[in-house]
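Asker: Next up is a structure, given as structure tokens.
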Amino acid sequence: MSEPLVIVGNGMAAARLVDELARTSLGRYAVAVIGEEPRLAYNRVLLSSVLAGETASHDIELKPATWWRDRGVTVKYGCRVTEIDVGRCELKIAGDESVEFSRLVLATGSSPLRLNVPGGDLPGVHTFRDSRDVDLLLSLAARRKPVVVIGGGLLGLEAAYGLAKAGAPVTLLHLMDRLMERQLDAPAADLLKTLVERKGIKILLNANTVRVHGKARVEGVELADGRLIDTDAVVFAAGIRPNTALAKEAGISVNRGVVVDDCLQTSARNIFALGECAEHRGVCYGLVEPTYEQAGVLARHLAARDAAYQGSVVATNLKVSGVSVFSAGDFLGSDASESIVLSDVRRGTYKKLVIQDGRLAGAVLIGDTADALWYLEMIRGRKSVTAIRREMMFGRSLASAPKAA
Ligand SMILES: Cc1cc2nc3c(=O)[nH]c(=O)nc-3n(C[C@H](O)[C@H](O)[C@H](O)COP(=O)(O)OP(=O)(O)OC[C@H]3O[C@@H](n4cnc5c(N)ncnc54)[C@H](O)[C@@H]3O)c2cc1C
């Protein structure tokens, strides 16, 4: 008889894991997926496109209902798991239903951080995480009243772009002195700011929000330097926190995320975690690629094959507010490295390659990212680039062209 394997969370990690399991251990497990959101798993990354009006919400589903059915997976959506009884191998769903498992996988993702400032919970303060948030933000933008987005990372920029495209006057506040400081060096961040501002978004850097003003609902945002920005709504996009409460209350080891080993196993036998809720070797990844790598390893492990997750080398390769951005490896460089830089602000392109000990150690590209994957392969491969050093800045085609005698 098939063993009951239950996955909590019906997001990107769950869908990928089921896909991998269907290939590695078909029939071994009776898989059930229990998710809180009231719809089938969808591509969360594409929420930005939905907000920007470039994709319809119903087009972002990862797999149709028939796909789940054909693989014999029981999908319960709109159901929140409220408790795990580790000893009895049982979990509870809101409404008091109990479900037994022989293996349990936590794929509960993250929640957006809400700034702990006075007024932070007023009506008119929103977040940007799921499709219900997008519906709300779209109705907000349709009113064409001013919106303040707090956070100048990927999510904040995407929220600002979508809202502005949908017609709202947007001001983006960022605490740091440059946008996307974890992915970009100062010149790249400056260029990105210029390109985003060209789309009609106002950007304030070094902007430390200390209070959200309003009586019955949001009326303005106050910064530490005394500036007051009138607004009709606020969107917090200033970070995420792994959803760990279920695990913690069940006595499973939790740090920032649910702690897992190289097999993605938690401190409880037969309970695993992956995706944004998991912490592996001290790292919680907030990206899809590591989630998918983890899903592959966990599926092989559950199929009793040898598999170990060693961590992921992450890269950023996205369109941010309509601007192509790539960053990977040690993009800042140090005294021990050298940088080759090509910058053309008018054309909206910036390229920086960091070379250390004859190898490509990091790269940042803005505008033209056609060669991003080629650079990424070089960074990951750690091979010598001495032979192509002169041409590599100009891309793969020039670097691999035959040299004149
Ligand atoms: C707008 C946006 C844009 C993004 N863009 C990018 C990008 O360009 N590139 C990139 O790599 N990453 C991007 N990300 C991040 C990416 O979407 C996540 O890394 C990925 O979705 C993680 O998958 P997950 O399954 O771990 O979490 P999620 O996809 O968040 O799924 C977790 C699910 O678990 C459910 N859940 C939580 N608790 C419970 C419970 N107790 N009971 C039942 N269900 C529960 C949640 O409701 C949720 O549906 C973006 C994220 C957002 C929000």
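Counted from 1, the sequence shown has number 39 at position 29 by my numbering; the numbering is strictly sequential. Ideal placement from N, C-alpha and C gives every residue a C-beta, glycine not left out. Given the structure is predicted, the values throughout are model-derived calculations rather than measurements.
Please indicate yes or no: does the CB of M190 lie closer than 8 Å to some heavy atom of ligand 1?
Answerer: no
Asker: Would you say the beta carbon of L284 comes nearer than 8 Å to a heavy atom of ligand 1?
Answerer: True, at least one ligand heavy atom lies under 8 Å from that Cβ.
Asker: Using the Cβ count rule (16 or more neighbours within 10 Å means buried), how would you classify R310?
Answerer: buried
Asker: Sorted by chain position, which residues of the same chain lie with C-beta nearer than 6 Å to L57's C-beta, five sequence neighbours on each side aside?
Answerer: V144
Asker: Checking 9 Å against the spacing of the C-beta atoms, do D378 and S349 come in under that value?
Answerer: no
Asker: Among A51, G224, A382 and A196, which residue has its Cα nearest to the Cα of M22?
Answerer: A51
Asker: Taking S141 as part of the alpha helix (DSSP H), name the residues at either end of that continuous run.
Answerer: S141 to A152
Asker: Below 8 Å on the Cβ atoms is my contact criterion, and I expect L202 with I376 to pass it. Report the Cβ-Cβ distance as a whole number of Å.
Answerer: 6 Å
Asker: Does the separation of the CB atoms of Q193 and S337 fall below 9 Å?
Answerer: yes
Asker: Hey, out of G210, R237 and T204, whose CA is closest to V220's CA?
Answerer: For the residues G210, R237 and T204, the minimum Cα distance to V220 belongs to R237.
Asker: From the DSSP output, in three-state form, read off L36 for me.
Answerer: In this structure, DSSP gives L36 a state outside helix and strand, which the three-state scheme calls coil.
Asker: Could you pull out every unbroken alpha helix (DSSP H) segment of at least 4 residues lying fully inside the segment 54-84, listed in chain order?
Answerer: 57-61 and 75-80
Asker: Quick one: using the 10 Å Cβ neighbour count with 16 as the cut-off for buried, is S12 buried or exposed?
Answerer: Taking a 10 Å sphere around the C-beta of S12, we find fewer than 16 other C-beta atoms and assign the residue as exposed.
Asker: Hey, which unbroken runs of the alpha helix (DSSP H) at 4 residues or more fall wholly within the segment 195-270?
Answerer: Annotation note: the segment 195-270 contains the following uninterrupted alpha helix (DSSP H) runs of length 4 or greater, listed N- to C-terminal: 196-207 and 255-259.
Asker: Taking the alpha helix (DSSP H) that I389 falls in, what are its first and last residues?
Answerer: A382 to G391
Asker: Rounded to the nearest angstrom, what separates F138 and L165 at their Cα positions?
Answerer: 8 Å
Asker: Measuring alpha carbon to alpha carbon, tell me which residue in K175, L233 and I281 is nearest L125.
Answerer: Nearest to L125 by C-alpha distance, out of K175, L233 and I281, is L233.
Asker: Per DSSP, which residues does E303 bridge with? Please list them.
Answerer: In the DSSP output, where bridge partners are listed per residue, E303 has none listed.
Asker: Say yes only if the C-beta of T379 is nearer than 8 Å to one or more non-hydrogen atoms of ligand 1, and no if none qualify.
Answerer: no
Asker: Pull up the CB-CB distance for A199 and L61, whole angstroms please, since I reckon it's below 8 Å.
Answerer: With a Cβ gap of about 23 Å, A199 and L61 do not count as contacting.
Asker: Any chance you could list the alpha helix (DSSP H) runs of at least 4 consecutive residues sitting entirely within the segment 160-189, in chain order?
Answerer: 164-175
Asker: Is it right to say L408 is buried, meaning 16 or more other beta carbons lie within 10 angstroms of its own, or is it exposed?
Answerer: The residue in question, L408, is exposed, as its Cβ has fewer than 16 Cβ neighbours within 10 Å.
Asker: Please list the terminal residues of the continuous beta strand (DSSP E) segment that includes A313.
Answerer: Where A313 is concerned, there is no enclosing beta strand (DSSP E), given that its DSSP letter is neither H nor E.
Asker: Between which residues of its own chain and V135 is the CB-CB distance below 7 Å, once the five residues before and five after are set aside?
Answerer: V222, V228, V244 and F246
Asker: Which of helix, strand or coil does DSSP assign to E46?
Answerer: In the displayed model, E46 falls within coil according to three-state DSSP, outside both helix and strand.
Asker: DSSP has R369 in a bridge; who is on the other side?
Answerer: Q366 and S394
Asker: Once the 5 residues before and after T254 are set aside, which same chain residues still bring their CB inside 7 Å of it?
Answerer: V264, G267, V268 and C287
Asker: Between L205 and chain C, is the shortest Cβ-Cβ distance under 9 Å, so that the two count as touching?
Answerer: Looking at the structure shown, chain C is missing, and only one protein chain is on hand.
Asker: Under a three-way DSSP split, which group does A409 fall into?
Answerer: helix
Asker: Less than 9 Å separating the beta-carbons of V323 and I389?
Answerer: yes
Asker: Do you know offhand how far Q304's Cα is from L274's?
Answerer: 7 Å
Asker: Please return the same chain residues whose Cβ sits closer than 6 Å to the Cβ of L189, not counting the five positions on each side in sequence.
Answerer: G162, A199, L202 and K203
Asker: Per DSSP, P133 is paired with what?
Answerer: Looking at the DSSP assignment, P133 forms no beta bridge with any residue, so it has no partner.
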